[in-house]
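Taking it in order: structure first as structure tokens, then the write-up.
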Amino acid sequence: MSVVSCPHPLLARERITDADWEAVAGSTAPRAKAALTEEHQPIREWEYLLHDGSKLVIGVEGDPPDWAVPTFRRLGELLELAPNWDSYGACPINPDHARAAIELLMLVMQDDTPAPTVVPTNRGGVQLEWHTGGIDLEIETLSSHRFLVSFEDSATEREWELTSDFTPLVECIGKLSRRA
Amino acid sequence: MDDYTDDPTILNDADLWRRIPPYHFVSDPTAGGIRISSAAFEDHPNGTPMSVLLADVVAETERGPQDALAGHESFGLAAFTAGLARSCEQGVAREPLADEPAHAVVFGRKTKSVSRKLAKGSRWVVPPANR
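Chain order of the listed sequences is B and U.
Following our numbering, the numbering of the first sequence begins with 3 at its first residue and continues without gaps.
Following our numbering, the numbering of the second sequence begins with 21 at its first residue and continues without gaps.
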């Protein structure tokens with residue numbers, strides 16, 4: 003599976019023919035479009051209209067695991083949130099944080115890991131969370147390259163900032179996948 | 021930023037209300053259906069403390085839970101006690117506003133552990149509708 007995350011729709015249009023492309027025409031509803039590449043690998047793409055009027059396209063090529071499509075679509079939906087979406091002055095979601103979350107998941111997830119619940123944070127980030135099998139795992143984006151991870155089960159409660167060493171998080175994901 | 025002092029006239033069993041947007045509803049069959057994400061219990065993005073409503077002051081002004089959700093009908097309303105907040109090393113202070121006499125703040129460092137404890141210790145006053 004590969005993921006294309008394009009800040010400009012023209013970049014996404016390079017991947018499919020004009021016959022397959024439809025203009026957004028001002029609609030904020032996400033559109034799922036299916037097409038084939040020259041290599042006959044299925045592509046699915048979703049467009050999201052961001053609060054500043056720009057568009058973000060998230061695309062998935064190939065045969066993604068079950069967790070991928072709902073997670074990426076949810077991230078796209080959160081990007082459309084307007085300021086003050088929580089009634090307490092929350093910021094819109096920063097697309098860089100959504101992109102960081104996608105890239106992190108691509109690095110650490112197993113094919114059989116349950117899809118996370120994806121929630122927005124009031125500072126413009128996203129939080130990925132799992133509550134299953136006696137495990138509470140939460141990953142919050144602090145920036146495009148920093149994450150706050152908290153893991154809790156019956157024996158352990160840990161919280162740490164993640165920047166480069168993904169090994170502990172991979173271990174947590176593995177434990178989660180086995181218990182789910 | 022204002023300095024806040026914990027107000028002992030807000031008793032430990034006093035209910036503090038917090039509006040929960042639908043984006044912070046988390047499906048959890050083991051918790052009875054819908055739980056609240058820890059992300060719902062954070063300080064304001066500008067650094068000021070987390071806003072809440074004092075349930076007893078709302079009642080004193082002859083209002084109820086639905087009034088706390090006016091204009092936010094898709095939201096839920098959660099309650100946790102001042103005692104829970106204080107057990108997480110938070111303080112509770114009154115901060116009445118011109119248009120909201122029941123406004124108060126929960127101040128103190130909001131670690132992820134604190135936010136999770138507030139989320140786990142909260143109960144629905146107005147649960148999510150149609151879920």
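Note that the Cβ used here is the ideal one computed from N, Cα and C, for glycine as well.
With respect to the 8 Å criterion, U:Ala124 and U:Arg114 are classified as neighbours on the basis of their beta carbons. Nearest neighbour of B:Gly55 by Cα position, chosen from B:Leu81, B:Trp69, B:Val62 and B:Gly64, turns out to be B:Leu81. If the five residues before and after B:Trp132 are omitted, its C-beta is found closer than 6 Å to the C-beta atoms of Pro118, Leu139 and Leu178, all from its own chain and listed in chain order. Chain U has a Cβ within less than 8 Å of the Cβ of B:Ser89. Residues of chain B whose Cβ lies closer than 9 Å to the Cβ of U:Arg39 are, in chain order, Asp88, Ser89 and Tyr90. Note on geometry: alpha-carbon atoms of B:Arg125 and U:Phe127 lie some 17 Å from one another. Within the same chain, Leu139, Arg160 and Cys174 come within 6 Å of B:Phe153 by CB-CB distance, once the 5 residues on both sides are set aside. The Cβ atoms of U:Val134 and U:Ile30 do not sit closer than 8 Å to each other.
Here B:Gln129 really is in contact with U:Ala59; their C-beta atoms are around 5 Å apart, less than 8 Å. In chain order, Ile54 and Pro148 place their CB closer than 6 Å to the CB of U:Phe45, counting only its own chain and leaving out the 5 sequence neighbours on each side. Taking each of U:Gly67, U:Arg129, U:Arg106 and U:Arg39 in turn and checking the Cα distance to U:Ser57, the smallest one comes out for U:Arg39. Among the residues of chain B, those whose CB is under 8 Å from the CB of U:Val46 are Thr119, Val121, Glu131 and His133, following chain order. Residue pairing by DSSP leaves U:Ala102 without any beta bridge partner. DSSP places U:Thr25 outside any alpha helix (DSSP H), giving it a letter other than H or E.
When DSSP states are grouped into helix, strand and coil, B:Phe74 belongs to the helix group. Only buried fits B:Thr115, as 16 or more other CB atoms lie within 10 angstroms of its CB.
About 7 Å separates the beta carbons of U:Pro41 and B:Ser89, which is inside the 8 Å limit, making them a contact pair.
With its beta carbon at least 8 Å from every one in chain U, B:Leu139 lies outside the interface.
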